[in-house]
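Asks: Have a look at this one before I ask anything.
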Amino acid sequence: MRTLRHTHCALIALGLTACSANPPASKTNPAEQPAKVIAPVAPPEPAFQSPPSRMVEVVDDYHGTKVSDPYRWLEDQDGVDVAAWVATQNEASRKVLDAVPERIAIRARLQELWNYARYDVPERAGSLWFWRKNDGLQNQSVLFTGDTPDAEGRVLLDPNTLSVDGTIAVTGIAVDQQGKQLAYATSTSGSDWREWHVLDIASGKVLPDILRWSKFAGAAWTHDGLGFFYQRYPVPKPGETFQQANRNPQYCYHSIGSDQAQDQVVYERPDNPEWGFQGEVTEDGKFLVLSLTQGTDHRNRIAFIELSQDSMVTQPLLMDQDASYDFVGNDGDTFYFRTNLDAPLGKLVAINRIAPQRAQWRTIIAEQKHELSAIHLVGNNLVASYLVDASSQVKLFALDGTDIGAIPLPQIGTVGVFTGHRSDSATYFGFTSFTQPGTIYQYDFATKQSVAIRKPKFGRKDDDLVTERVFLQSRDETRLCMFLVHKKNLVLNGSAPCFLYGYGGFDIAVTPSFSPANLVFIERGGIYAQAVLRGGSEYGERWHEAGMLGNKQNVFDDFIACADYLVRNDYTAKKRLAVGGRSNGGLLAAAVLTQHPEKFGAVIPEVGVLDMLRYHLFTIGWAWAPEYGRSDDPKQFEWLKKYSPLHTIKKGTIYPPTLILTGDHDDRVLPGHSYKFAATLQAAQAGPAPILLSIALKAGHGSGKPVHAQIDEAADRWAFLSKVLAK
């Protein structure tokens, strides 16, 4: 139950007690009264002086509309003058952030809470089990193998030995069917580019095989262990590593021991250069099922290869691109897919590859009232994960679709993948919540019992914290959901600092997860709020569509509605409310900043897509057009220009304190987005609040970021808020 508005009454009660406990003061001569001591008033802190940014004359014509781009030169992230500008911005930001007295204590507490053992869900290959573990403060998690899923195990691959500063990460792993060979991909400085290597598991020896210019896809071994499939791109031209178009990938088969130049191209579409490929070998080893995607469009196509044939010939199966199709498993020629075709919340269908006509499809699990977020085929059971108001529920079905029960979960939270084989009697999964670190469970299908096999020994108890799930209405009366995490004894009178996080896009669900960083903010009296916004997948495809393309403003309106709810219900006050998000969430934070700067005490956009008129010209940006639209289309230009954060900054506006975060090696969202936005916002600022840009060096979009860098970034975030949020 909430504590409602007791503060005013408590102050009145204290005043009455003081009056009744003390007798009236006697009358005296004013001349005999002691002189009043007037405390010195500290001078106001001077307004932050942003580093100057050179402007150039660049004007683009979009369908008759002239748009100036005076910081175009900042798009050249490898330029010498840009490097000098970055150094100047970082120096100015560090002067502010390092001077915050609380930062040292904040970072120390972050390091203390971060220092606990974390495990991934174990998977079996052959007779061996494989999992990742981080002792706590290791920059990168270490891959282990053992004879049982809960064994102490032995180190198989330690990425921390690959670089001194932890900036080389292992971003993909695949073990062959017999558990004898490991294909693993490394990435440097947060790059999306992957370089594949092969390791002999018994000896620990790294083989000579090296496969370059891969990204956005994993590896899939053939069951004979002679090789694996992967996706690669053409070798970039000199100087194009970060800004190349990322088109015309090839899906290839690599034979172990051969040179990459000899790899067989099994599928490519030069007639459709924006297609991408992701393959999976069926558990029986007979087929490669190939998902064909076009950018980030959730609608995909499906093809397959019969691996028993002498030649690898790709055969089409579902080529209409009319819905999303996620391969679940197969029984011989019958393939199971989770799809949202004619079922916005998802269903499971069976399709025979010999007779794939739609009239021959069988619905195994019909659409239900909640989003079917994932489904796994383990032990001849269908394990279905649903999202109910952005929290996981798990149901079990027989292969004919008969409902056979559920897997109970401990609280509001999120389950991940379920691992296991068709012949297994148990499955393994991870569960996390805002207050429970990721815990690994074994579920036995026979006993119908879950047992925690890896329960982290975290450095604090959670019994002083509370998680609320509240419901509210957006501007157009759409029902929204929001999670709030804070101390149980927190008096909700509008004085608490609050950090509101959101994403809202790309059919991605934002669900409860554990974060040592957020706990430090909460421990210091803050409220962590997580908004469930249109554009995600929490409520199915219609929910996604309501927040994409021309409907993108709905996402911003939803976020503003959540902010207003927090203030209206005395969780916080406008000057105590900070908002933030990453990537598409960085776009969200920046968009609400430019639309409603008066509603926030601080804003933190991280690695954001901020120039909506040019985003498609850089790296993989063109792939986001199905979600955003493109400025070269007259109709789409109009809606993009209305909310593009870079283009909705108004000179002479009083903006709240803003901390913009990016990485200098981000080859997904070009750091030029953040550079141009920061320069424009700094020049436009009419108020005294700082507009800071902090650029992480040797860092990318976030994947593979070393733990020490994550801690430093979180320390900056909370130190900034402790400084700028009005007391």
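Note that the working numbering has the sequence shown beginning at 62, numbered continuously upward.
Beta carbons are placed, not taken as given, at the ideal position from N, Cα and C, and that holds for glycine.
1) What alpha helix (DSSP H) runs, 4 residues minimum, are completely inside the segment 646-733?
2) If you check the beta carbons only, do L594 and G611 fall under 8 angstroms apart?
3) For R643, which residues in the same chain have their Cβ closer than 8 angstroms to its Cβ, ignoring the five residues on either side in sequence?
4) Which stretch, first to last residue, makes up the beta strand (DSSP E) that contains D387?
5) Let me know if F532 comes out buried or exposed under the rule of 16 or more other beta-carbons within 10 Å of its beta-carbon.
6) Among the candidates N442, E256 and S486, whose CA atom is the shortest distance from the CA of A467?
7) Tell me, please, which residues DSSP counts as bridged to A529.
8) State the CB to CB distance for the pair F492 and T500, rounded to an integer number of angstroms; the pair is presumed to be in contact (CB under 8 angstroms).
9) I'd like to confirm the pairing. Which residues does DSSP put opposite F789 in its beta bridges?
10) For a test of the three-state rule: what should DSSP assign to H284, helix, strand or coil?
11) Opposite T424 in the DSSP bridges: which residues?
12) Alpha carbon to alpha carbon, what distance is there between H605 and R423?
13) Is the Cβ-Cβ distance between I436 and V444 less than 8 angstroms?
14) Quick one: Cα of Q418 to Cα of L457, how far?
15) Short of 8 angstroms in beta carbon distance, which residues of its chain neighbour G520, apart from the five on each side in sequence? Order them along the chain.
16) Taking only three categories from DSSP, how would you classify Y632?
17) For C313, list the residues DSSP reports as bridge partners.
18) Relative to the alpha-carbon of D239, which residue among P377, H284, S452 and Y562 has its alpha-carbon at the smallest distance?
19) Can you find at least 3 beta carbon pairs, one from the segment 357-366 and one from the segment 383-391, that sit closer than 8 angstroms?
20) Would you kindly check if the distance between the Cβ of A590 and the Cβ of L561 is under 8 angstroms?
21) Taking P210 as the reference, which of V141, V478, R414 and Y502 has the closest Cα?
22) For a test of the three-state rule: what should DSSP assign to V593, helix, strand or coil?
23) List the residues that DSSP assigns as beta-bridge partners of Y562.
24) Do you know offhand how far I681's Cα is from T463's?
25) Straight-line CA distance for Y689 to T400?
26) For R540, which residues does DSSP report across the bridge?
27) Let me check one thing: in DSSP terms, what residues is W336 bridge-paired to?
28) Using the three-state DSSP reduction, which class does R179 fall into: helix, strand or coil?
29) Looking only at C-alpha atoms, which of D324, F365 and W685 sits nearest to L379?
30) Please return the same chain residues whose Cβ sits closer than 6 angstroms to the Cβ of P84, not counting the five positions on each side in sequence.
31) Looking only at DSSP bridge pairs, what is F191 linked to?
32) Just to confirm my understanding: we take G286, look at its own chain, exclude 5 residues before and 5 after, and list those with CB closer than 7 angstroms. What are they?
33) Drop a sphere of 10 angstroms on the beta-carbon of L198, count the other beta-carbons inside from all chains shown, and report buried for 16 or more, exposed for fewer.
34) Using the C-alpha atoms, what's the distance from T228 back to I772?
35) When you compare only the Cα positions, how much space is there between A760 and S486?
36) Is it true that the CB of C559 sits closer than 8 angstroms to the CB of I588?
Replies: In brief:
1) 686-689 and 695-704
2) no
3) Y564, E667, V668, G669 and G763
4) Y386 to D392
5) exposed
6) N442
7) Note that residue 529 is Glu in the sequence shown here, rather than Ala. The partner list for E529 (beta bridge, DSSP) reads L545.
8) 6 angstroms
9) Here the chain covers residues 62 to 788 and nothing more, so residue 789 does not appear.
10) coil
11) V410
12) 26 angstroms
13) yes
14) 28 angstroms
15) E173, L174, N176 and Y177
16) coil
17) Y291 and V326
18) Position check: residue 239 holds Gln in this sequence, whereas Asp was assumed. The candidate whose alpha carbon is nearest that of Q239 is H284.
19) yes
20) yes
21) Y502
22) strand
23) Q591 and G641
24) 43 angstroms
25) 23 angstroms
26) Q534
27) Q355
28) strand
29) F365
30) At P84, the pLDDT of 33 sits below 50, so the modelled position is not reliable; the number obtained from the coordinates is stated separately. Excluding sequence neighbours, P84 sits near nothing in its chain.
31) E184 and T206
32) D237, Q238, Q239, K241 and Q242
33) exposed
34) 14 angstroms
35) 43 angstroms
36) yes
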